[in-house]
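One structure is given below, encoded as structure tokens.
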Amino acid sequence: MLAYLLRRLGQSALVLVAVSLIAFMVFRHIGDPTISLLGEDATLEERAALNSELGFDKPVPLQYLNYVGKVVQGDLGISYRLKRPVSEVITERLPATLELALIASLGALGIGVVLGVYTALRSEGWLSRWVMTVSLVGVSLPTFLIGIGLIYLFAVELRWLPSFGRGTTVKVGGWETGLLTASGWSAIILPAITLGFYNMTLIMRLVRAEMLEVLRSDYIRFGRARGLREKDLYFGHALRNTLIPVITIAGLQIGTLIAFSIVTETVFQWPGVGLLFISSIQGVDVPLIAAYLMFIALLYVVINLLVDFLYLAVDPRLRRR
Amino acid sequence: MSDVIHHPAPARRGWRQSDSPVKRAFARSRTVQVASAVLLLIVLATLLAPWLAWQNPFDSASLELNDAFLPPWSEGGHGAFYALGADDQGRDVASAILYGLRMSVLVGVSAVLLSLCIGVPLGLVAGYAGGWFDTLLMRLADVQLTFPVILVAMLILGIVRGVVPEGVREQVAVLVIILAIALSDWVQYARTVRGAVMVEKQKDYVLAAQLIGRSRSAILGRHILPNLLAPILVIAAISFAHAIVAESTLSYLGVGLPPTQPSLGTLIRIGQSFLFSGEWWILLFPSLVLLALALSVNLVGDWLRDALNPKLQ
Numbered sequence: 001m002l003a004y005l006l007r008r009l010g011q012s013a014l015v016l017v018a019v020s021l022i023a024f025m026v027f028r029h030i031g032d033p034t035i036s037l038l039g040e041d042a043t044l045e046e047r048a049a050l051n052s053e054l055g056f057d058k059p060v061p062l063q064y065l066n067y068v069g070k071v072v073q074g075d076l077g078i079s080y081r082l083k084r085p086v087s088e089v090i091t092e093r094l095p096a097t098l099e100l101a102l103i104a105s106l107g108a109l110g111i112g113v114v115l116g117v118y119t120a121l122r123s124e125g126w127l128s129r130w131v132m133t134v135s136l137v138g139v140s141l142p143t144f145l146i147g148i149g150l151i152y153l154f155a156v157e158l159r160w161l162p163s164f165g166r167g168t169t170v171k172v173g174g175w176e177t178g179l180l181t182a183s184g185w186s187a188i189i190l191p192a193i194t195l196g197f198y199n200m201t202l203i204m205r206l207v208r209a210e211m212l213e214v215l216r217s218d219y220i221r222f223g224r225a226r227g228l229r230e231k232d233l234y235f236g237h238a239l240r241n242t243l244i245p246v247i248t249i250a251g252l253q254i255g256t257l258i259a260f261s262i263v264t265e266t267v268f269q270w271p272g273v274g275l276l277f278i279s280s281i282q283g284v285d286v287p288l289i290a291a292y293l294m295f296i297a298l299l300y301v302v303i304n305l306l307v308d309f310l311y312l313a314v315d316p317r318l319r320r321r
Numbered sequence: 322m323s324d325v326i327h328h329p330a331p332a333r334r335g336w337r338q339s340d341s342p343v344k345r346a347f348a349r350s351r352t353v354q355v356a357s358a359v360l361l362l363i364v365l366a367t368l369l370a371p372w373l374a375w376q377n378p379f380d381s382a383s384l385e386l387n388d389a390f391l392p393p394w395s396e397g398g399h400g401a402f403y404a405l406g407a408d409d410q411g412r413d414v415a416s417a418i419l420y421g422l423r424m425s426v427l428v429g430v431s432a433v434l435l436s437l438c439i440g441v442p443l444g445l446v447a448g449y450a451g452g453w454f455d456t457l458l459m460r461l462a463d464v465q466l467t468f469p470v471i472l473v474a475m476l477i478l479g480i481v482r483g484v485v486p487e488g489v490r491e492q493v494a495v496l497v498i499i500l501a502i503a504l505s506d507w508v509q510y511a512r513t514v515r516g517a518v519m520v521e522k523q524k525d526y527v528l529a530a531q532l533i534g535r536s537r538s539a540i541l542g543r544h545i546l547p548n549l550l551a552p553i554l555v556i557a558a559i560s561f562a563h564a565i566v567a568e569s570t571l572s573y574l575g576v577g578l579p580p581t582q583p584s585l586g587t588l589i590r591i592g593q594s595f596l597f598s599g600e601w602w603i604l605l606f607p608s609l610v611l612l613a614l615a616l617s618v619n620l621v622g623d624w625l626r627d628a629l630n631p632k633l634q
């Protein structure tokens, strides 16, 4: 078990080193920071001064070490477009993205489990067939098309929900939250559905498949023979055994969710890091691109490791290996 | 001598066996018949776009500003007929969709071909030779597969946009997006082909070819590769669907194809700004076409995967 964890840790470290190398090369070799930060008409002396301030006159391996050292300390450089420290801009935008991802994944988990159980128990019913068809269609569509469809229906035609932004936000400590106001909640509904839809269908299919398998197993048959109530049987015995893989998948999907929030945030003009990343690509804001890359990589690695630990905690069989 | 082993008998029989079940499965499934009919229609439309569209929508000289915002099924000045309406610059939406569809399919097909050309040879060599090359390639694949395809494509896009000077960015946009999608997708081919080669190379026909002294490239290209066509075809079909979705998403986000050479995604991006002012046709029709394209490609791809999977037959 220790060997397994160490190997996983090693792989994570490898991913981080690889990504930091890419991020460094992006940061160092694309565009000319002296032009981006000082403008076209800065003098040669000013440029040389900035070059040495940024450490660009030192040997490249040393620059890489410096870059990593700074990143570890939270110094990600200065955005070319916004002329502010990257770490500051990202921390400012982070709450919006995290809240969206949280609501989307909780919603996907809740609705996905309920629909999965339902379609497994009534697998021949018309509602189940309908749900399965809709999920099949939804999975093959681009996310942004689903978002636009929702905007058209609920914001343009019915006028029930807002089509962009976060609504009114409240500051709690350093965290700007939209989850304490009614307008914040009504603003998060459509983006959360758009973002969570794919995961919802994924979880639903997983729960359905696992349930169908568990319901065929001997212990369910014996439970029924013993006279347990159907409700206890389904939710107390069958569902519990399906949840381990579901938790794993849901956990692993959080990273994907954050990445896909780029699309959702663009559709709904949601002021999170995804929208920030897209506008940095459009504006070739190199320090921000590099920083976002490092951020996503770190997030992925941490989530993967957490899921590994969770697996060990939940499934005792793995611990003996 | 070598001609005798040239077309290994087991491979031929394998193909002929899987040939008829595929046809039978096709005859059984109504969904895949409809989906392939739609797909055929779309392919025809992309090939015939210059003749089907009465206007070149991206030649600003042929646009009629007086006809701007004409609703669907209406007649403009000069006897022009706008079956799906006109946009803010008097561009015929139907013609724009035909040209946009052409771009979407072009990018999708090219990206699939390019990632095939990268992934298959790498997978062949890695699976056959093994050793450090195999290890390196698979570690690289592991790192890349950690992240969603769309993110990798976006990153490559960001880097290339940074390298390319600003003036020519629009001209090379098509090449850049093809490259970005292909580079984010080749891993699928490499991994599958590598796995299949490792199975194939144990078989007698490969040992026989080695014994008579066929060269490595001949064994890989002329003996092993033909036996891998079915799995490669399946991945190609599925990754074509992914490429279509990825391209439209990137273009919708404004980092893909520019408004001067729009794909369906770009058209939807443009159309979204008219959603609230009531000109719904500029957004709706491109969206419906993209929906039909994505859905039919996905259905045909999934069907092909199941039909060519010997376990499900």
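In order, the protein sequences belong to chains A and B. As numbered in this note's numbering, residues 1 to 321 make up the first sequence, in order. As numbered in this note's numbering, residues 322 to 634 make up the second sequence, in order. Glycine included, every Cβ here is placed at the ideal spot set by N, Cα and C.
Enumerate in chain order the residues of its own chain whose CB-to-CB distance from residue i is below 6 angstroms, with the five nearest sequence positions on each side excluded.
| i | result |
| --- | --- |
| S617/B | A356, V359, L360 |
| A23/A | A290, L293, M294 |
| G283/A | R81 |
Give the range of the alpha helix (DSSP H) segment to which residue i is assigned.
| i | result |
| --- | --- |
| V493/B | Here V493/B belongs to no alpha helix (DSSP H), and DSSP marks it neither H nor E. |
| F197/A | 182-215 |
| Q593/B | 585-593 |
| E46/A | 44-53 |
| P378/B | Careful: P378/B lies outside any alpha helix (DSSP H) and carries neither H nor E. |
| F606/B | 602-628 |
| A155/A | Where A155/A is concerned, there is no enclosing alpha helix (DSSP H), given that its DSSP letter is neither H nor E. |
| I220/A | 218-226 |
Leaving out five residues before and five after residue i in sequence, what residues of the same chain have Cβ atoms less than 7 angstroms from its Cβ?
| i | result |
| --- | --- |
| E46/A | L38 |
| L115/A | V131, M204 |
| M519/B | G448 |
| L620/B | T352, V353, A356 |
| A297/A | V15, L16, V19 |
| V139/A | Y198, T201 |
| L364/A | Outside the displayed span of chain A (1 to 321) sits residue 364/A, for which this structure offers no information. |
| F260/A | T143, L195 |
Looking only at DSSP bridge pairs, what is residue i linked to?
| i | result |
| --- | --- |
| V172/A | W175/A |
| D413/B | A407/B |
| E396/B | F402/B |
Run the CB neighbour count on residue i, radius 10 Å, all protein chains shown included, and call it buried at 16 or more, exposed below.
| i | result |
| --- | --- |
| W160/A | exposed |
| V19/A | buried |
| P287/A | buried |
| Q338/B | Confidence at Q338/B is low in this model, with a pLDDT of 48, below 50, so its placement is unreliable and no value can be given for it. |
| I480/B | buried |
| E355/A | Here chain A has residues from 1 to 321 only, and residue 355/A is not among them. |
| G74/A | exposed |
| S584/B | buried |
| V353/B | buried |
| Y219/A | exposed |
| R334/B | Reliability fails at R334/B, whose pLDDT of 46 lies under 50, so the model's placement of it is uncertain and no value is given. |
| A48/A | exposed |
| I533/B | exposed |
| T43/A | exposed |
| Q269/A | exposed |
| E568/B | buried |
| F144/A | buried |
| D57/A | exposed |
| T256/A | buried |
| Q593/B | buried |
| S536/B | exposed |
| G542/B | exposed |
Using C-beta distances below 8 angstroms, list every residue in its chain close to residue i, excluding the 5 sequence neighbours before and after it, in chain order.
| i | result |
| --- | --- |
| S12/A | V301, N304, L305 |
| F595/B | D408, D409, W601, I603, L604 |
| S181/A | Here residue 181/A is Thr; the residue named in the question, Ser, does not match the sequence. For T181/A, where only same-chain residues beyond five positions count, the Cβ hits under 8 angstroms are G167, T168, T169, V170. |
| I148/A | V267 |
| T248/A | V307, L310, Y311 |
Open item on the list: Report the start-end ranges of each alpha helix (DSSP H) in the region 510-582 of chain B that is 4 residues or longer and not cut off at the edges.
Closed with: 525-532, 550-574, all fully within the region 510-582 of chain B.
- [ ] List in chain order: all unbroken beta strand (DSSP E) runs of 3+ residues lying wholly within the region 71-145 of chain A.
- [x] Within the region 71-145 of chain A, no complete beta strand (DSSP E) run reaches 3 residues.
TODO: Would you mind listing the alpha helix (DSSP H) stretches within the region 432-480 of chain B that are 4+ residues and don't spill past its ends, in chain order?
DONE: Counting only runs of 4 or more residues that sit fully inside the region 432-480 of chain B, the alpha helix (DSSP H) segments are 452-466, in chain order.
Task: Entirely enclosed alpha helix (DSSP H) segments - the region 250-314 of chain A, minimum 4 residues - done: Counting whole runs of 4 or more residues, the region 250-314 of chain A contains the alpha helix (DSSP H) stretches 273-282, 286-314.
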